[in-house]
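For reference, the structure is listed below as structure tokens.
Number of protein chains: 2
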Amino acid sequence: MPARTPLDANAILAATEQILRRHGPDKATVVDVARALGVSHAAVYKHFPSKQALREAVTRRWLDRNRDALAVIAADSAVPPVQRLRTWLHAVLAVKQAKIREDPELFAAYGILAAAHSSVATDHVADLLGQLTAIIADGAADGSLRTDDAEATAHVVFNATAKFHHLAHAAEWQHPGVGAELDEVCNLLLEGLHVPTSP
Amino acid sequence: MPARTPLDANAILAATEQILRRHGPDKATVVDVARALGVSHAAVYKHFPSKQALREAVTRRWLDRNRDALAVIAADSAVPPVQRLRTWLHAVLAVKQAKIREDPELFAAYGILAAAHSSVATDHVADLLGQLTAIIADGAADGSLRTDDAEATAHVVFNATAKFHHLAHAAEWQHPGVGAELDEVCNLLLEGLHVPTSP
DNA sequence: CAAGTTACAAGTTTTGACATCTGTTACCAA
DNA sequence: TTGGTAACAGATGTCAAAACTTGTAACTTG
Chain Y
344 MPARTPLDAN AILAATEQIL RRHGPDKATV VDVARALGVS HAAVYKHFPS
394 KQALREAVTR RWLDRNRDAL AVIAADSAVP PVQRLRTWLH AVLAVKQAKI
444 REDPELFAAY GILAAAHSSV ATDHVADLLG QLTAIIADGA ADGSLRTDDA
494 EATAHVVFNA TAKFHHLAHA AEWQHPGVGA ELDEVCNLLL EGLHVPTSP
Chain V
344 MPARTPLDAN AILAATEQIL RRHGPDKATV VDVARALGVS HAAVYKHFPS
394 KQALREAVTR RWLDRNRDAL AVIAADSAVP PVQRLRTWLH AVLAVKQAKI
444 REDPELFAAY GILAAAHSSV ATDHVADLLG QLTAIIADGA ADGSLRTDDA
494 EATAHVVFNA TAKFHHLAHA AEWQHPGVGA ELDEVCNLLL EGLHVPTSP
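Residue numbers (this note's numbering), protein chains in the order written: chain Y, 344 to 542; chain V, 344 to 542.
And the structure:
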């Protein structure tokens with residue numbers, strides 16, 4: 344008795360995302376997902392080797408949607424690197440604030456993966472670090488940012504702004520003052536990275 | 344039937360600390376504490392209004408022990424403020440690393456209080472911020488650090504070093520590279536705060 | 001044989017009866 | 001009156017049995 348729709352990986356991911364949103368990451372089971380698709384849960388296992396893999400695939404897809412919006416900012420060569428760095432850091436915060444507000448269940452699912460040291464989390468961080476490195480390299484190239492090693496500097500900036508992107512601080516992002524706090528940290532960091540205008 | 348030792352608040356705190364260490368914050372009960380003191384648990388309630396208050400008092404005492412060691416560094420006017428700032432930030436990290444290693448049960452108890460938004464946690468942060476403000480004010484006074492408002496600058500520095508003192512990052516402090524990472528963040532921050540030697 | 005099913009073992013969560021803990025009150029002794 | 005006890009109600013935690021979940025395997029169908 345084959346399903347009317349042939350059941351591809353994408354349909355499973357979409358259904359899982361709905362179930363995750365409805366039930367939350369702790370209560371969502373693969374039987375739920377199968378039921379939503381009108382198939383037995385064993386059918387899901389034909390496409391994904393484990394529940395963990397399924398969760399990772401859903402979360403990865405979800406994260407990738409926002410990564411691209413940030414990549415546009417990071418690569419926008421019309422904006423001077425100094426300002427682009429500031430804008431990008433604010434955008435990272437804004438994206439995460441929006442996610443946690445609009446999609447708390449999927450955000451929680453991401454948190455679980457991060458705690459489990461899944462590659463989804465480390466890849467996401469690597470992704471962001473790559474974008475940050477690109478901005479700083481642009482600044483080094485046009486002489487507006489002072490750095491010996493764009494990647495090392497990106498790491499330092501990332502560490503210094505952990506409060507504004509690290510999952511562990513998600514609760515603090517609801518506080519109204521965070522944006523201003525990030526701005527002040529940016530001011531100090533850019534002061535340190537700045538090439539003096541009148542040497 | 345009065346206890347041989349008259350049972351003062353200090354004895355209760357000491358006993359609670361032992362029980363907390365032995366059983367951990369989840370399993371430690373006030374009945375356990377009373378048993379260790381040879382009294383009924385109602386006697387403990389004559390001195391502390393609730394289990395929460397007892398836990399807070401123990402944790403506060405525990406935190407205060409280390410606060411004083413840090414205060415010595417913050418107030419050491421023999422060390423130039425720029426270097427003192429760096430040393431102090433490293434000391435904060437070192438103190439917390441030591442605590443989590445040597446006293447994981449009490450550290451966990453502190454974590455529970457912080458999560459519950461107890462004043463113990465906010466007071467501890469205010470304490471550290473006060474010390475940081477003092478160092479920066481010293482630097483402003485002798486002209487070695489550039490700042491309009493020592494307290495505001497202390498906030499910024501504190502935010503930028505959250506990864507190295509915020510409880511949420513405790514797990515990362517075990518990683519061997521943290522000290523070096525903090526050093527690099529210090530380099531960048533001090534660059535931003537530095538008064539140029541040759542203007 | 002591709003795409004699904006049913007059946008099932010092993011592990012995990014829920015359930016519900018029972019025990020323990022917290023915080024209060026009424027009482028006792030020096 | 002200070003410093004304690006014993007007894008209690010309601011909340012919380014524990015533990016074993018039952019129900020569910022995960023993942024696998026042998027089976028069915030176009």
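From the three backbone atoms N, C-alpha and C, an ideal C-beta is built for every residue, glycine too. All of these numbers come straight from a predicted model, not from anything done at the bench.
Beta-bridge partners of residue i, as assigned by DSSP
i: L488(Y); result: H537(Y)
CB contact below 8 Å: residue i versus chain Y
i: E534(V); result: yes
i: V499(V); result: yes
i: A511(V); result: yes
i: L531(V); result: yes
Test: residue i CB closer than 8 Å to a CB of chain V
i: N502(Y); result: yes
i: A505(Y); result: yes
i: H433(Y); result: no
i: V528(Y); result: yes
i: E524(Y); result: yes
i: N353(Y); result: no
Cα-Cα separation between residue i and residue j, rounded to whole angstroms
i: L533(Y); j: E399(Y); result: 36 Å
i: D411(V); j: A418(V); result: 10 Å
i: A459(Y); j: D491(Y); result: 35 Å
i: A457(Y); j: A505(V); result: 19 Å
i: H512(V); j: I355(V); result: 32 Å
i: E494(V); j: G473(V); result: 8 Å
i: D446(Y); j: V528(V); result: 33 Å
i: E448(Y); j: R364(Y); result: 5 Å
i: D485(V); j: E524(V); result: 28 Å
i: G522(V); j: H498(Y); result: 14 Å
i: P368(V); j: S420(V); result: 39 Å
i: L406(V); j: I443(V); result: 12 Å
i: I362(Y); j: L436(Y); result: 27 Å
i: K370(V); j: G520(V); result: 34 Å
i: A379(V); j: A452(V); result: 19 Å
i: L428(Y); j: V373(V); result: 53 Å
i: T465(V); j: P392(V); result: 21 Å
i: Y388(Y); j: H366(Y); result: 20 Å
i: N409(V); j: H508(V); result: 14 Å
i: W516(Y); j: W431(Y); result: 16 Å
i: D526(Y); j: N502(V); result: 11 Å
i: V415(Y); j: R404(V); result: 51 Å
i: D481(V); j: V463(V); result: 27 Å
i: T476(V); j: T496(V); result: 8 Å
i: G381(V); j: K394(V); result: 18 Å
i: G535(V); j: L536(Y); result: 7 Å
i: L531(V); j: I478(Y); result: 17 Å
i: S461(Y); j: H518(V); result: 18 Å
i: I455(Y); j: A483(V); result: 45 Å
i: A469(Y); j: A357(Y); result: 26 Å
i: V500(Y); j: F450(Y); result: 24 Å
Nearest-angstrom Cβ-Cβ length linking residue i and residue j, presumed shorter than 8 Å
i: A352(Y); j: H384(Y); result: Not quite, the Cβ-Cβ distance comes to about 15 Å (not below 8 Å), so this is no contact.
i: L350(Y); j: A396(Y); result: In fact, because the Cβ distance is near 16 Å, the residues do not count as touching under 8 Å.
i: S487(V); j: V422(V); result: Between V422(V) and S487(V) the Cβ distance is about 11 Å, and since that is not below 8 Å, they are no contact.
i: V376(V); j: T402(V); result: Incorrect: roughly 14 Å between the Cβ atoms, too far for contact.
i: L413(Y); j: A434(Y); result: 6 Å
i: R489(V); j: V438(V); result: So it is not a contact: roughly 28 Å between Cβ atoms.
Residue i beta carbon near the ligand FMN (any heavy atom closer than 7 Å)
i: A514(V); result: What this structure holds is no ligand at all, so the ligand FMN is not there to describe.
Chain-ordered residues of the segment 389-401 of chain V with a beta carbon less than 7 Å from chain Y: none
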